[in-house]
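Shown next, in structure tokens, is the structure this report addresses.
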Amino acid sequence: MASILSDRQRDDLHKSILDYLHNAGFSKTCDSLRQEVPDLADFVPDTDSTTNNLLVKKWTSVIRMQRKILELEARLASTQEELTTFSKDGAKRTNKDWLPSTAPKRSLSGHRDKINAVSFHPLYSILASASVDATVKIWDWETGEMERTLKGHTKSVTDCDFNSDGKMLGAFTPSILLWNVTEEYTNFATLRGHEHSISSVRFIPGNTRLASSSRDETVRVWDVQTSHCIKVIRAHEEWIRCAIPSLDGRLLLTCSDDHTARITDIESGTMKIEMRGHDNRVESAVFVPAASIPAVRELVAQPGSATLSKADSLAVSFAMTASRDKTIKLWDSIHGHCLWTFVGHDGWVQALAFHPDGKHMLSVGDDHMMRIWDLSTGRCTRKIEAHKPFTQCISWGHVPVKESQSDDLERSVNVIATGGTDELVKIWCP
Numbered sequence: 003m004a005s006i007l008s009d010r011q012r013d014d015l016h017k018s019i020l021d022y023l024h025n026a027g028f029s030k031t032c033d034s035l036r037q038e039v040p041d042l043a044d045f046v047p048d049t050d051s052t053t054n055n056l057l058v059k060k061w062t063s064v065i066r067m068q069r070k071i072l073e074l075e076a077r078l079a080s081t082q083e084e085l086t087t088f089s090k091d092g093a094k095r096t097n098k099d100w101l102p103s104t105a106p107k108r109s110l111s112g113h114r115d116k117i118n119a120v121s122f123h124p125l126y127s128i129l130a131s132a133s134v135d136a137t138v139k140i141w142d143w144e145t146g147e148m149e150r151t152l153k154g155h156t157k158s159v160t161d162c163d164f165n166s167d168g169k170m171l172g173a174f175t176p177s178i179l180l181w182n183v184t185e186e187y188t189n190f191a192t193l194r195g196h197e198h199s200i201s202s203v204r205f206i207p208g209n210t211r212l213a214s215s216s217r218d219e220t221v222r223v224w225d226v227q228t229s230h231c232i233k234v235i236r237a238h239e240e241w242i243r244c245a246i247p248s249l250d251g252r253l254l255l256t257c258s259d260d261h262t263a264r265i266t267d268i269e270s271g272t273m274k275i276e277m278r279g280h281d282n283r284v285e286s287a288v289f290v291p292a293a294s295i296p297a298v299r300e301l302v303a304q305p306g307s308a309t310l311s312k313a314d315s316l317a318v319s320f321a322m323t324a325s326r327d328k329t330i331k332l333w334d335s336i337h338g339h340c341l342w343t344f345v346g347h348d349g350w351v352q353a354l355a356f357h358p359d360g361k362h363m364l365s366v367g368d369d370h371m372m373r374i375w376d377l378s379t380g381r382c383t384r385k386i387e388a389h390k391p392f393t394q395c396i397s398w399g400h401v402p403v404k405e406s407q408s409d410d411l412e413r414s415v416n417v418i419a420t421g422g423t424d425e426l427v428k429i430w431c432p
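Be aware that the sequence shown starts at 3, since it is given in this note's numbering, and climbs by one per residue.
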């Protein structure tokens, strides 16, 4: 093969290799190379020579250049994605098909320990984050400014949730604290009754009740106005990780350390369906939203019907579970059958979120990755490094925000928040 180096370049390369081998103590290899290159048989490395440490210098330059190329490629991808949110005349527009790319829009720092949960306000560009540092922080996610810190919790705050009109925020440690958003986040109620740490809290549609799950193996239903516990449901025999109400407020989807997810009738406390199939603790469970049901039916080749239309409209036909067995499972929540297993994470899967377009699902886990799944094929189409070492939570908000000071220029934007053990909340948006 013809050499692409000139005689001088080849000579300098040989001398720099000999210099490296000599300085590194590879004397036998150095002597062998001298024998192979007779012109350099008498070459002795010189610290004042231009070839001294030349190979090392070139190698470190290549590494720096590679890093710079990767940084520029990431910036180019981010810029290209940003351009997709502009129309031909340069005006900002909503991108309904937007998906997160390689880098977050901003990182919010302020917590002193890992982030357990994030929750978007349904009307404004407000985000709540709950942390092991025993605080809830309120952020303006558009500007990245921290607006206030809610104190009063005595231990790690493991979850937080705005109600549907955004007037109340629920968060908890050993007890549940309710905050009045419209009155400067005044703590107006404290709900006590669980006998162990609380895992999740969710407002039940109608905003008059909320459901909480706990390590005490119960789900409690609370009356918001009176602060009384009005029902105790023993849905599992081990730690209950979450309790998610259905859209009509009649059913609860729960998951547990017993490796199962279950659907329970709130009024009677009767278990309707058990979903068993994971090989480890189930960290999260969610009903598949109505917008995603067509893609899910395409995935499992299960067409809809008139008899299933009501269940589809109430978003109780299917459920997704995320587990420490590193998988996500899709379930027929009417019959309890596992229909599909999403495989790809290299660690515990912690949380799930759905794209409003109904075509994609997002997952985060202890492999520090956020993965994006095509619901109609079951394939992971993109993976993004979110937090190190672990990504704990994710939330998708479809939030109306102001383009400027004029109320006439409001728009809706897709936005994602993630939290991790790196003590950061990250915002991903167009």
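No residue lacks a Cβ here, since even glycine has one placed at the ideal position from N, Cα and C.
Contact between K233 and G271 holds, since their C-beta atoms are separated by about 7 Å, short of 8 Å.
Here W398 is buried, its C-beta having at least 16 other C-beta atoms within 10 Å. The alpha-carbon of S133 is positioned some 50 Å away from that of N55. Using a 10 angstroms sphere on the CB of K116, the tally of other CB atoms reaches 16 or more, which defines it as buried. Note on geometry: alpha-carbon atoms of A297 and L377 lie some 6 Å from one another. Below 8 Å, too few C-beta pairs join the stretch 371-389 and the stretch 123-131 to call them touching: fewer than three. By the 16-neighbour rule on beta-carbons within 10 angstroms, V366 is buried. Taking D259 as the centre and dropping the five residues before and after it, the same chain places the C-beta of E240, W241, R283 closer than 6 Å to its C-beta, in chain order. When the beta-carbon positions are compared, I374 and L101 come within less than 8 Å of each other.
Distance from G172 to C162 at the Cβ level is roughly 7 Å; contact confirmed, criterion being Cβ atoms closer than 8 Å.
Per DSSP, reduced to three states, the secondary structure at V203 is strand. If you draw a straight line from the Cα of W342 to the Cα of M277, it is about 13 Å long.
Sorting D281, I178, A353, K70 by C-alpha distance to the C-alpha of G195 places I178 at the top. In the DSSP assignment, T393 is bridged to G422. Our two residues, S103 and V415, have alpha carbons roughly 16 Å apart in a direct line.
Contact between A136 and T156 holds: CB atoms are separated by about 6 Å, below the 8 Å threshold.
Look at T62 here: in three-state DSSP terms it is helix.
Counting along the chain, N182 sits inside the beta strand (DSSP E) bounded by residues 178-182.
Annotated as distal: S229 and S216, with beta-carbon spacing of 8 Å or more. The residue from F190, S199, G208 with its alpha-carbon nearest to that of S166 is G208. A residue is called buried once 16 or more other Cβ atoms fall within 10 Å of its Cβ, and K139 is buried on that count. The alpha-carbon separation between A293 and G360 amounts to approximately 5 Å. Listed in chain order, the beta strand (DSSP E) elements of length 3 or more contained wholly in the stretch 233-307 are 242-247, 253-258, 262-267, 273-278, 284-289. Judged by DSSP secondary structure, C32 falls within the alpha helix (DSSP H) whose first and last residues are 29-38. When the five nearest sequence neighbours on each side are left out, the beta carbons in the same chain lying within less than 8 Å of the beta carbon of A43 are those of R36, Q37, in order along the chain. Here V427 is buried. Its C-beta has 16 or more other C-beta atoms within 10 Å. Only residues of its own chain outside the window of five on either side were considered, and among them H370, T423 have a CB closer than 7 Å to the CB of P391, listed in chain order. As the crow flies, the alpha-carbon of D48 is around 27 Å from that of I6.
Between L212 and V221, the CB-CB gap reaches or exceeds 8 Å. In this structure, the alpha-carbon of E219 lies about 13 Å from that of R264. With contacts defined as CB atoms closer than 8 Å, A355 and A324 fail to qualify as a contacting pair.
The residue from G27, F45, K30 with its alpha-carbon nearest to that of L15 is F45. A straight line joining the alpha-carbon of D314 with that of V288 spans about 14 Å.
N118 is positioned such that its CB atom lies closer than 8 Å to that of Q394. In the three-state DSSP reduction, R381 falls in the strand class (E or B). In the three-state DSSP reduction, L57 falls in the helix class (H, G or I).
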